[in-house]
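S.K.: Structure in structure tokens, see below.
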Amino acid sequence: MKIVSLLPSATELVCGLGLREQLVGVSHECDYPPSVVGLPILTSSRIPEGLSSDEIDRLVTDQLKNDQALYDLIMETLIDLAPDLIVTQALCDVCAVSGNDVAKAIGSLPGNPQVINLEPICLDDVLETVTLLAEAANRLEQGKSYAAELRGRIDEVAGRSETIPLSFKPRVALLDWLDPLFDGGHWSPEIIDLAGGIPVFGDKREPSQRREWQDLIDAEPDIIFIALCGFNVQRSMQDVELFLKTEGFAELQQRSGTQVYLVDGNAYFSRPGPRLVDALEIMANALHPTIHPLPAGMPAALKQI
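Here the sequence shown is numbered in the working numbering, starting from 33 and rising by one per residue.
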């Protein structure tokens, strides 16, 4: 079976199921595990490199308002690969090529490839995508084993967090964009809760929302996790340095004594795949290091202030 993945989280799932050798093409953003680097690239972005965060936000907003695509499929390569299974998404047009664009392209492909749209909005959904993909790839037993492994890690963190008194749980906000501010929605509040925090900014199972500074100040978080969508730690630092110098943050820290942690949002918190479990373990360790050990090889959250 020849498999094509058009989003990073799906690529990670495919490889987690032991199907790396069946993977023949990926999106331009697929970079994990490292063994996928060098595979044929099937998408490209219309967002120029080197833009500031506010410039990216304006461009994305304008493109979506005018019903224009942010990403393109490289059809010639896709046709040449002649995949049997295409894994894509219909959750967020900002994150990857849209499901509608993929559907339109199917008619140009040889054969009759199966298409799977992944739309997880919580951790349980992520585990269900493991099963869905495993069934489509005829790897049901591997899927059951992999999902059970991920579930076991989630339950271990949740069990330890249940021993923490409510009075010791910090109020936590996760931001996945800083200019302008966006809260962390979908799975982010759930991860905060399971990690032993109290989510105060963002709605479970709902998309991230643009927020005003006053909203964040009124939420009075003890801790802010900065996990910027699409940015690694190095790129995120550019925005974090500006964020910490704003009048809004000065007021927030004066009122609530807020601490700030920086994590690699692109690798761990933005992609609805298996590394969301890593994200849970990273956050749990940052919130309660004496209760939640950091697994070997996992990067710790970086305390900024």
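Using N, Cα and C, we set each Cβ at its ideal position, and we do this for glycine too.
Can you give, in chain order, each stretch of the beta strand (DSSP E) that sits fully within the segment 198-285 and has at least 3 residues?
M.R.: If we require 3 residues or more, the beta strand (DSSP E) runs fully inside the segment 198-285 come out as 203-210, 213-215, 230-233 and 255-258.
S.K.: Just to confirm the assignment, what range does the alpha helix (DSSP H) spanning Tyr178 have?
M.R.: As a working note, residue 178 is residue 146 in the sequence shown. It spans Leu172 to Ser193 - the alpha helix (DSSP H) in which Tyr178 sits, taken as one unbroken run.
S.K.: Please classify Cys200: is it buried, with 16 or more other beta-carbons within 10 angstroms of its beta-carbon, or exposed?
M.R.: Position 168 of the sequence shown, counting from 1, holds the residue named residue 200. Checking the displayed sequence, the identity of residue 200 turns out to be Phe instead of Cys. Flag for Phe200 reads exposed.
S.K.: By the three-class DSSP mapping on this structure, what secondary structure does Gly139 have?
M.R.: To locate residue 139, count along the sequence shown from 1; it is residue 107. Note: Gly139 maps to helix in three-state DSSP.
S.K.: In this structure, does DSSP put Lys335 in helix, strand or coil?
M.R.: Here residue 335 refers to the residue found at position 303 of the sequence shown. Looking at Lys335 - three-state DSSP - the assignment turns out to be strand.
S.K.: Would you report the Cα separation of Ile35 and Leu150, rounded to the nearest angstrom?
M.R.: By 1-based counting over the sequence shown, the position of residue 35 is 3. By 1-based counting over the sequence shown, the position of residue 150 is 118. When rounded, the distance between both Cα atoms is 15 Å.
S.K.: Check whether the segment 249-262 touches the segment 270-280, counting contact only when three or more Cβ pairs, one atom from each stretch, lie closer than 8 Å.
M.R.: These segments touch.
S.K.: Under 8 Å by Cβ, that's how I've got Leu213 and Trp245 pegged, so tell me the actual separation to the nearest angstrom.
M.R.: One-based indexing of the sequence shown puts residue 213 at position 181. One-based indexing of the sequence shown puts residue 245 at position 213. Confirmed, about 7 Å.
S.K.: Please state the DSSP three-state secondary structure of Tyr64.
M.R.: For the purposes of this step, residue 64 is identified with residue 32 of the sequence shown, where counting begins at 1. Reduced to three states, the DSSP call for Tyr64 is coil.
S.K.: Leaving out five residues before and five after Pro253 in sequence, what residues of the same chain have Cβ atoms less than 7 Å from its Cβ?
M.R.: Your numbering for residue 253 matches position 221 in the sequence shown. The residues are Arg203, Val204, Ala205, Val232, Phe233, Ser288 and Thr290.
S.K.: Take Ser240 as the anchor and find which of Asn298, Gly280 and Trp219 has the nearest alpha-carbon.
M.R.: Looking up residue 240 in the sequence shown gives position 208. If we check each option's Cα against that of Ser240, Trp219 comes out closest.
S.K.: Which one of Phe263, Ser37 and Gly305 has the shortest CA to CA distance from Leu210?
M.R.: Within the sequence shown, the letter at position 178 stands for residue 210. The shortest C-alpha separation from Leu210 is found at Phe263.
S.K.: Per DSSP, Ile73 forms a beta bridge with which residues?
M.R.: Against the sequence shown, residue 73 aligns to sequence position 41. Paired residue(s): Val58.
S.K.: With a threshold of 6 Å on Cβ separation, who are the neighbours of Ile148 within its own chain once the five nearest residues in sequence on each side are excluded?
M.R.: The residue you call residue 148 lines up with position 116 of the sequence shown. Correct list, in chain order: Val119 and Ala168.
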